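Only one structure is covered here, and it is reproduced in the block below.
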Amino acid sequence: MTYSLSTGICQRLHNATPNEDELFNGSHTLQVLSLKKVGKQTENTNLPTDRYRIVLSDGVHFLQAMLATQLNEMIVEKHLTRYSIVCVERLSCNYVQEKRLIIIMALRIIGQEDKKFGEPVSIDASLSEAPTPAPERPLQQSTFQPVIPTAQPVSRSLPKSNWHPIEGLSPYQNNWTIKARVTQKSELKHYSNARGEGKLFNVTFMDETGEIRATAFNQIAEALYPRLEEGKVYYVSKGKVNLAKKKFSNVMNDFEISLEKQAEVEECLETTNLPMIKYSFVSLAELQELTKDSTCDIIAILKEYSDVSEITSRATNRTMKKRELTLVDKSGFSVRLTLWGNQAENFKPDEQSPVIAFKGVKVGDFGGRSLGMIASSTMTQNPDIPESHALRGWYDSSGSGSTFQSHNASGGSFSGAGGSGFNRSEIKPLLEMKLEANRIPESEEKPVYFSTRAMVMHVRGENIAYPACETCNKKIVEDGGSWRCDKCDKTLSGPTYRYIMSFAVSDHTGQLWFQGFNDVGDAVFGKTANEVIEIKERDDAQYNLLLAKACCQSYNFLLRAKRDSYNDNSRIRYGVSRILPLNYKEECDALLNLMDTPWGQQGLKTESNNMVY
Amino acid sequence: MSDISPRVNSAILPRFIGQMVRIPCKVLTTTDSTVTVQTSDGGEILVKYTGDHGISSSYAEIVGQVIDQTTVKKAAVINLQSELDLQMVDRVIKLIHDPRFFSTVFS
Numbered sequence: 001m002t003y004s005l006s007t008g009i010c011q012r013l014h015n016a017t018p019n020e021d022e023l024f025n026g027s028h029t030l031q032v033l034s035l036k037k038v039g040k041q042t043e044n045t046n047l048p049t050d051r052y053r054i055v056l057s058d059g060v061h062f063l064q065a066m067l068a069t070q071l072n073e074m075i076v077e078k079h080l081t082r083y084s085i086v087c088v089e090r091l092s093c094n095y096v097q098e099k100r101l102i103i104i105m106a107l108r109i110i111g112q113e114d115k116k117f118g119e120p121v122s123i124d125a126s127l128s129e130a131p132t133p134a135p136e137r138p139l140q141q142s143t144f145q146p147v148i149p150t151a152q153p154v155s156r157s158l159p160k161s162n163w164h165p166i167e168g169l170s171p172y173q174n175n176w177t178i179k180a181r182v183t184q185k186s187e188l189k190h191y192s193n194a195r196g197e198g199k200l201f202n203v204t205f206m207d208e209t210g211e212i213r214a215t216a217f218n219q220i221a222e223a224l225y226p227r228l229e230e231g232k233v234y235y236v237s238k239g240k241v242n243l244a245k246k247k248f249s250n251v252m253n254d255f256e257i258s259l260e261k262q263a264e265v266e267e268c269l270e271t272t273n274l275p276m277i278k279y280s281f282v283s284l285a286e287l288q289e290l291t292k293d294s295t296c297d298i299i300a301i302l303k304e305y306s307d308v309s310e311i312t313s314r315a316t317n318r319t320m321k322k323r324e325l326t327l328v329d330k331s332g333f334s335v336r337l338t339l340w341g342n343q344a345e346n347f348k349p350d351e352q353s354p355v356i357a358f359k360g361v362k363v364g365d366f367g368g369r370s371l372g373m374i375a376s377s378t379m380t381q382n383p384d385i386p387e388s389h390a391l392r393g394w395y396d397s398s399g400s401g402s403t404f405q406s407h408n409a410s411g412g413s414f415s416g417a418g419g420s421g422f423n424r425s426e427i428k429p430l431l432e433m434k435l436e437a438n439r440i441p442e443s444e445e446k447p448v449y450f451s452t453r454a455m456v457m458h459v460r461g462e463n464i465a466y467p468a469c470e471t472c473n474k475k476i477v478e479d480g481g482s483w484r485c486d487k488c489d490k491t492l493s494g495p496t497y498r499y500i501m502s503f504a505v506s507d508h509t510g511q512l513w514f515q516g517f518n519d520v521g522d523a524v525f526g527k528t529a530n531e532v533i534e535i536k537e538r539d540d541a542q543y544n545l546l547l548a549k550a551c552c553q554s555y556n557f558l559l560r561a562k563r564d565s566y567n568d569n570s571r572i573r574y575g576v577s578r579i580l581p582l583n584y585k586e587e588c589d590a591l592l593n594l595m596d597t598p599w600g601q602q603g604l605k606t607e608s609n610n611m612v613y
Numbered sequence: 001m002s003d004i005s006p007r008v009n010s011a012i013l014p015r016f017i018g019q020m021v022r023i024p025c026k027v028l029t030t031t032d033s034t035v036t037v038q039t040s041d042g043g044e045i046l047v048k049y050t051g052d053h054g055i056s057s058s059y060a061e062i063v064g065q066v067i068d069q070t071t072v073k074k075a076a077v078i079n080l081q082s083e084l085d086l087q088m089v090d091r092v093i094k095l096i097h098d099p100r101f102f103s104t105v106f107s
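Just so you know, the sequences run in chain order H and V. Under UniProt numbering, the first residue of the first sequence carries the number 1, and numbering increases by one thereafter. Under UniProt numbering, the first residue of the second sequence carries the number 1, and numbering increases by one thereafter.
This is the structure:
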């Protein structure tokens, strides 16, 4: 069978301009001269991310193009092979710097041949099979000048036609170029360790296939830091791919890039086909479902924000700057998000109540649920995505007027699982809690939380309250006639007492001692600490009566159990995190519901070991 | 056995004819010698009394001897307040009379 190739097409495509639609959508008959898989060499596998470079001839010239991945199957199924005659039905042309990249979007197999027709020559006179060891870098134009000087003095041209997917990066292959957006850039950090001093910064690169962290040290860091900007897209090549140090990064990738002397970074000026940041947003209401210390993406309206404040970290004794943002969204919930360091200082909203999208923020349980920025989090104001527009519309029409609830709902109700909420589903009787708490190993540093319901049996009368500073709550000392706070450096005329109590509670399984602070005293006595101290000093009998009246009252408790060791002994101390007076109706409902559970459906056992509640 | 007065609703009451029971209820109407009350399952019972009925709130618990399926002779009244969730009370009453529990725990 003879075929008539569309002679002259290669010439036209080589010189085409973007609006030559009929050229791109017309049918052209061409012959395949070669097919080559580019990218990570996966010899015997066929991945959907494989990309094939195809050389097509019109009998007079040949040119290179990339095959759209949706056509990969034709090659896999061996319908499309060398010397096939095809009818290209649709192609697109990307303009990269001054080069054209043609992508074949649709083609039809017409027939098979076993040799090439004519003596086609390359349409691009200086095009040649590069003698470099990496077969997937054919387009080398020595006259091509990179727009921005690279990290090293030698200016080399960078191939633009076949960038590697980030997902495909591995340490076993070094000849890749990725085209990715910087979604996050850290500050230039200084460090000193046993080997000396240095500086580093890291970025997160992201493209359609995934994301990867890259780090640069010392001189390279200095050179690259001003060149890589958050939000911009770059071509990066010749970095070293190593195993990721998960300790330092949250990025989902087993590998990370080390940008060393030979690494090349070039800004991508093409405005189409740029990788966009992928979010998977959760609504603020759904934050409750997430566990503490996990990360998430959210998009919300900035309702208000605090000034920058400075706090001293107890652990490191260093001061840190922070700023609190209050965010709200359509779910009717609000949440506080903390910015740190320079980001806190430099924060400025683009407008009144902008939409802000956050990626990779850490979930905390302060006040129910809270969010904080970590090194790999990103914040983008008013992003151009549909969710942002939807939020803007909602807020401008109705949202700004509504009230929002926070995850730490008003006192007396039971917020959900986790550190700051009394957890009804996890409620345990004292004996069970005691047994479980005693199983906490010595090594466990963090406190374990328990919920329980018990009755106050005895309150220790000695040392029931201490004189406290109004602002910081630390103990103040009397000095002559006035009181002085060491921490705030203030002098106060009179102390404000705060409760510090040791009290015993019981239930049907046993007895325990709890330690409580001011809120416990307020709940148990119904009087302020100042009043109670006054009674204590004035009238012994009345004080004892007060202590007695506090007994035989039941409360729901949220406890922090922590192991304390003194010398050889180690004991569990129970601190009261929340004390909640009982709402009998709620409790009754809870007990009735318990009877409806499978546990409640059992028969009575006369000698039961499990029926503790 | 006679010291115990289990809580009942109108459906369970007939089982205790001749015995003492307790009825948590809502007071509907009062006359000189009777009080009509609504039990936790929505039924109506007539409470007969002599002297002072002693009821001073909208909800009360009547302790008395069962005369017939719908009549009780009052022995004592415990006044509750103006709000009581009778549905919740009913759930509890049903549990009380569950065969698993009644004979062991409540009698």
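All C-beta atoms in this analysis are idealised placements derived from N, C-alpha and C, irrespective of residue type, glycine included. Source: prediction; values computed, not measured.
Chain H within 9 Å of V92(V), Cβ atoms only: Yes, V92(V) lies at the interface with chain H (some Cβ there is under 9 Å from its Cβ).
Can you list, in chain order, the residues of its chain whose CB lies under 6 Å from that of R156(H), leaving out five sequence neighbours each side? Caution applies to R156(H), whose pLDDT of 41 falls short of 50 and renders its modelled position unreliable; the value that the coordinates give is listed next. Sequence-distant partners of R156(H) (beyond 5 residues in either direction) whose C-beta falls short of 6 Å from its own C-beta are missing from its chain.
Using 9 Å as the threshold, is the C-beta distance between S294(H) and V251(H) below it? In this structure, V251(H) does not lie closer than 9 Å to S294(H) by Cβ.
Excluding the 5 residues preceding and the 5 following A75(V) in the sequence, name in chain order all residues of the same chain whose CB lies nearer than 8 Å to its CB. Apart from the 5 residues on each side of it in sequence, A75(V) sits with its Cβ closer than 8 Å to the Cβ of M20, V63, G64 and Q65 in its chain, given in chain order.
How would you label V38(H), buried or exposed, when you count the other beta carbons within 10 angstroms and need 16 or more for buried? Counting C-beta atoms within 10 angstroms of its own C-beta, V38(H) has 16 or more neighbours from the protein chains shown and is therefore classed as buried.
Please classify G548(H) as buried or exposed, where buried requires at least 16 neighbouring CB atoms within 10 angstroms. One detail in the question is off: residue 548(H) reads as Ala in this sequence, not Gly. By the 10 Å Cβ count, A548(H) comes out exposed.
Which value, in whole angstroms, describes the spacing of the CA atoms of Q64(H) and P383(H)? Rounded to the nearest angstrom, the two C-alpha atoms are 37 Å apart.
Interface residues of chain V facing L604(H) [CB-CB closer than 9 Å]: Ordered by position in chain V, the residues that pass the 9 Å Cβ test against L604(H) are R100, F101, T104 and V105.
When we look at the beta-carbon of T597(H) and count the other beta-carbons within 10 Å, is it buried (16 or more) or exposed? Residue environment: T597(H) is assigned as exposed (fewer than 16 neighbouring CB atoms within 10 Å of its CB, all protein chains considered).
Smallest Cα separation from L558(H): which of Q542(H), S565(H), V576(H) and N567(H)? Checked all of Q542(H), S565(H), V576(H) and N567(H); the closest Cα to L558(H) is V576(H).
Is there a Cβ from chain H that is less than 9 Å from the Cβ of Q85(V)? The residue you asked about is not Gln; residue 85(V) is Asp in the sequence shown. Taking Cβ atoms only, chain H reaches closer than 9 Å to D85(V), which makes this a yes.
Here's the rule I'm using: 16 or more other beta-carbon atoms within 10 Å means buried, otherwise exposed. How should T491(H) be labelled? Counting other Cβ atoms within 10 Å of its Cβ, T491(H) stays below 16 and is therefore classed as exposed.
Neighbour list for L592(H) in chain V, Cβ cutoff strictly below 9 Å: Neighbours of L592(H) across chain V, judged by C-beta separation under 9 Å: M88, R91, V92 and L95.
Assigned exposure category for G51(V) - 16 Cβ within 10 Å defines buried: Exposed is the call here.
Contact the region 460 to 480 of chain H vs the region 558 to 574 of chain H: 3+ CB pairs below 8 Å: As far as the Cβ criterion goes, the region 460 to 480 of chain H does not touch the region 558 to 574 of chain H, which means the pair count is below three.
Buried or exposed for A468(H), please, with buried defined as at least 16 other CB atoms from any protein chain shown within 10 angstroms of its CB. The residue is buried, with at least 16 neighbouring Cβ atoms inside 10 Å.
For D486(H), tell me which candidate among T471(H), K36(H) and S388(H) has the shortest Cα-Cα distance. Out of T471(H), K36(H) and S388(H), T471(H) has the C-alpha closest to the C-alpha of D486(H).
Give the interface partners of H589(H) over in chain V, defined as CB-CB distance under 8 Å, in chain order. The residue asked about is misnamed: residue 589(H) is Asp in this sequence, not His. Going along chain V in sequence order, the residues near D589(H) (Cβ under 8 Å) are M88.
By Cβ distance, which residues of its chain are closer than 8 Å to N218(H), with the 5 residues on each side in sequence left out? G198, K199 and L200.
At least 3 beta-carbon pairs within less than 8 Å: the region 253 to 260 of chain H vs the region 364 to 381 of chain H: Judged by Cβ distances under 8 Å, the region 253 to 260 of chain H makes no contact with the region 364 to 381 of chain H, as fewer than three pairs qualify.
When the cut-off is 9 Å and only beta carbons count, does M595(H) lie next to chain V? Cβ-Cβ to chain V under 9 Å: yes for M595(H).
Between which two residues does the alpha helix (DSSP H) containing P386(H) stretch? P386(H) -> alpha helix (DSSP H) spans P386 to S397.
Do V328(H) and R369(H) come within 9 Å of each other at the CB atom, strictly closer than that value? Not in contact: R369(H) and V328(H) (Cβ atoms no closer than 9 Å).
Range covered by the beta strand (DSSP E) that runs through Q515(H): Where Q515(H) is concerned, the enclosing beta strand (DSSP E) stretches over G510 to G516.
How close, in whole Å, do the beta carbons of T378(H) and G360(H) come, if the pair is a contact with beta carbons under 8 Å? Cβ-Cβ separation between T378(H) and G360(H): approximately 7 Å, consistent with a contact (criterion under 8 Å).
To the nearest angstrom, how far is it from the Cα of S128(H) to the Cα of E77(H)? Any reading at S128(H) needs caution, since the residue's pLDDT is 43, under 50, leaving its predicted position unreliable; the model's value is listed next. If you take the alpha carbons of S128(H) and E77(H), they lie about 29 Å apart.
Measuring only between beta-carbons, confirm whether K245(H) sits less than 9 Å from chain V. For K245(H), the answer is no, since every Cβ of chain V falls outside 9 Å of its Cβ.
N-terminal and C-terminal residue of the beta strand (DSSP E) that D297(H) is part of: Annotation for D297(H): the continuous beta strand (DSSP E) segment containing it runs T295 to Y305.
Run through DSSP, which three-state label would N342(H) get? DSSP places N342(H) in helix when its eight states are reduced to three.
What number of angstroms, rounded off, separates the C-alpha of S249(H) from the C-alpha of N346(H)? Rounded to whole angstroms, S249(H) to N346(H) spans 24 Å at the Cα level.
Could you check the C-alpha separation between E167(H) and T69(H) for me, to the nearest Å? In this structure, the CA atom of E167(H) is about 15 Å from the CA atom of T69(H).
Between which two residues does the alpha helix (DSSP H) carrying V92(V) extend? In the DSSP annotation of this structure, the continuous segment of the alpha helix (DSSP H) that includes V92(V) starts and ends at L86 to I96.
Using the C-alpha atoms, what's the distance from P120(H) back to R82(H)? Their Cα atoms are separated by approximately 15 Å.
Once DSSP output is grouped into helix, strand and coil, what is the label at I4(V)? DSSP places I4(V) in coil when its eight states are reduced to three.
Tell me whether H164(H) sits in a helix, a strand or coil according to DSSP, three-state version. Of the three classes helix, strand and coil, the one that applies to H164(H) here is coil, per DSSP.
Which residues in chain V sit within 7 Å of K292(H), going by Cβ to Cβ distance? None at all; the shortest Cβ gap to chain V is about 35 Å.
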